[in-house]
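Worksheet: one structure, shown below.
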Amino acid sequence: MIVDWQTIWLFGLASFALAVTPGPDMILVAARSAAQGQMAGLVTQFGISAGSIIHAVILALGLSQLFLAVPYAYDFVRYLGAAYLLYLAWQAITSRDRPSSKAPAHKHPSLDVIFRQGLLTNLLNPKVALFYLALFPQFLNPEKGFVGIQILVLATIFVVIDLVVHAVVIWLAGVGRSLSKNKWAFTKWPRYFLALVFGGLAAKLVFDGQR
158 MIVDWQTIWL
168 FGLASFALAV
178 TPGPDMILVA
188 ARSAAQGQMA
198 GLVTQFGISA
208 GSIIHAVILA
218 LGLSQLFLAV
228 PYAYDFVRYL
238 GAAYLLYLAW
248 QAITSRDRPS
258 SKAPAHKHPS
268 LDVIFRQGLL
278 TNLLNPKVAL
288 FYLALFPQFL
298 NPEKGFVGIQ
308 ILVLATIFVV
318 IDLVVHAVVI
328 WLAGVGRSLS
338 KNKWAFTKWP
348 RYFLALVFGG
358 LAAKLVFDGQ
368 R
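172 is the number that my numbering gives to position 15 of the sequence shown; each next residue is one higher, with no gaps.
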């Protein structure tokens, strides 16, 4: 067996602990669900999960070490990610929640756009790559060979656990949205909160990433 059951159990516990700890991904999917519905939150999570798998593939290929060896590469991706998040914040602020008689409504982005936003938000965060580089080697056994496959197996476990935990968050945020008596008012303020989340993540990338 490429990854033994003890390693799977320990890595699963570590992944669960990380998934239930409030972080940027949890805040993002919750804000998206509250502002645009459960489906939007779930599709955002699918994008984040796809990004996590791609980071795992990059780690398996050994490219994550590039960020450690070339600081400028890390900074380039970091600032690019921050700029993209600020763009998403601007989109959230300028969108409309319902049509008016004087101006056409700005529809919510389609699900494929929401998926790409979740994917790019994850991919353009070099801290995710460094996190993988710090966590995964602790659970790898080079003596069994196929280290790349071990990484992909662990990444799949991490993604599944993260998806299940965040699905609960998405459901709760969506329930709150559906129970609101004034749905337009309820979705108006989460829209600004979503913009605040994007802006906060951008600031975190810029300031926390300084080394």
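Backbone N, C-alpha and C define an ideal beta-carbon position, used for all residues, glycine too. Quick caveat, the model's predicted, so the values are computed rather than measured.
Point to revise | Burial state of A360, where buried means 16 or more other Cβ atoms lie within 10 Å | key: Within the sequence shown, numbered from 1, the residue matching residue 360 stands at position 203. A360 should be labelled exposed.
Point to revise | Inter-residue Cα distance where the pair is L281 and A171 | key: Residue numbering aside, residue 281 sits at position 124 when the sequence shown is read from its first letter. Residue numbering aside, residue 171 sits at position 14 when the sequence shown is read from its first letter. Roughly 24 Å between the two C-alpha positions.
Practice item. Could you say if the region 239–250 and the region 306–325 meet the contact criterion of at least three C-beta pairs nearer than 8 Å? Key: no
Practice item. Count the CB pairs spanning the region 184–201 and the region 320–332 that are closer than 8 Å, and state whether there are at least three. Key: yes
**Study point:** Inter-residue spacing [alpha-carbon to alpha-carbon] between M196 and V160
**Key:** What you label residue 196 is simply residue 39 of the sequence shown in a count that begins at 1. What you label residue 160 is simply residue 3 of the sequence shown in a count that begins at 1. Going by the C-alpha atoms only, they are around 34 Å apart.
Review point. Do the region 292–311 and the region 209–217 meet, that is, are 3 or more Cβ pairs less than 8 Å apart?
Key: yes
Check your understanding: From L292 to A230, what does the alpha carbon distance come to, in whole angstroms?
Key -> Stepping through the sequence shown from its first residue, residue 292 is reached at position 135. Stepping through the sequence shown from its first residue, residue 230 is reached at position 73. Their Cα atoms are separated by approximately 21 Å.
Check your understanding: When the Cα atoms are used, what is the spatial distance from F364 to K284?
Key -> Within the sequence shown, residue 364 is the residue found at index 207, counting from 1. Within the sequence shown, residue 284 is the residue found at index 127, counting from 1. Cα to Cα, the separation comes out at about 12 Å.
**Study point:** Where A260 falls: helix, strand or coil (DSSP)
**Key:** Taking the first residue of the sequence shown as 1, we reach residue 260 at position 103. Low per-residue confidence applies at A260: pLDDT is 40, beneath 50, and the placement is therefore not dependable enough to give any value.
Check your understanding: Between the C-alpha atoms of A352 and V326, what's the straight-line distance to the nearest angstrom?
Key -> Within the sequence shown, numbered from 1, the residue matching residue 352 stands at position 195. Within the sequence shown, numbered from 1, the residue matching residue 326 stands at position 169. Straight-line Cα distance between these residues: approximately 19 Å.
Point to revise | Which listed residue (L268, A239, F355 and V234) has its alpha carbon closest to that of Q193 | key: One-based indexing of the sequence shown puts residue 193 at position 36. Per the Cα distances, L268.
Review point. When the Cα atoms are used, what is the spatial distance from L175 to L320?
Key: Numbered from its first residue, the sequence shown carries residue 175 at position 18. Numbered from its first residue, the sequence shown carries residue 320 at position 163. Near 12 Å, if we compare the C-alpha coordinates of L320 and L175.
**Study point:** Buried versus exposed, by CB contacts within 10 Å (16 or more), N298
**Key:** For this step, residue 298 is matched to residue 141 along the sequence shown. The residue in question, N298, is exposed, as its Cβ has fewer than 16 Cβ neighbours within 10 Å.
Practice item. Quick one: residues in its chain with C-beta nearer than 8 Å to the C-beta of V200, no 5 flanking neighbours on either side, listed in chain order? Key: On the sequence shown, residue 200 is found 43 positions in, with the first residue counted as 1. Within the same chain, V200 has close Cβ partners L268, I271, F272 and G275.
Exercise for review: Could you tell me which of P179, M183, S209 and F168 sits nearest to N279, measuring between CA atoms?
Suggested key: Residue 279 sits at position 122 when you count from the first residue of the sequence shown. The candidate whose alpha carbon is nearest that of N279 is S209.
Review point. Using the C-alpha atoms, what's the distance from W162 back to G238?
Key: Looking up residue 238 in the sequence shown gives position 81. Looking up residue 162 in the sequence shown gives position 5. Approximately 37 Å, taken between the alpha carbons.
Check your understanding: Since H323 and D182 are thought to touch, with beta carbons under 8 Å apart, how far apart are those beta carbons, to the nearest angstrom?
Key -> Counting from one through the sequence shown, the residue named residue 323 turns up at place 166. Counting from one through the sequence shown, the residue named residue 182 turns up at place 25. With a Cβ gap of about 7 Å, H323 and D182 count as contacting.
**Study point:** Distance, P266 Cα to F315 Cα
**Key:** Numbered from its first residue, the sequence shown carries residue 315 at position 158. Numbered from its first residue, the sequence shown carries residue 266 at position 109. Rounded to the nearest angstrom, the two C-alpha atoms are 28 Å apart.
Check your understanding: Is it the case that the Cβ atoms of F355 and A249 are separated by a distance below 8 Å?
Key -> Locating residue 355 in the sequence shown gives position 198, counting from the first residue. Locating residue 249 in the sequence shown gives position 92, counting from the first residue. The answer is yes: Cβ separation under 8 Å.
Exercise for review: Taking Y289 as the reference, give the member of P179, Y349, S221 and Y236 with the closest Cα.
Suggested key: Along the sequence shown, one-based indexing puts residue 289 at 132. Per the Cα distances, S221.
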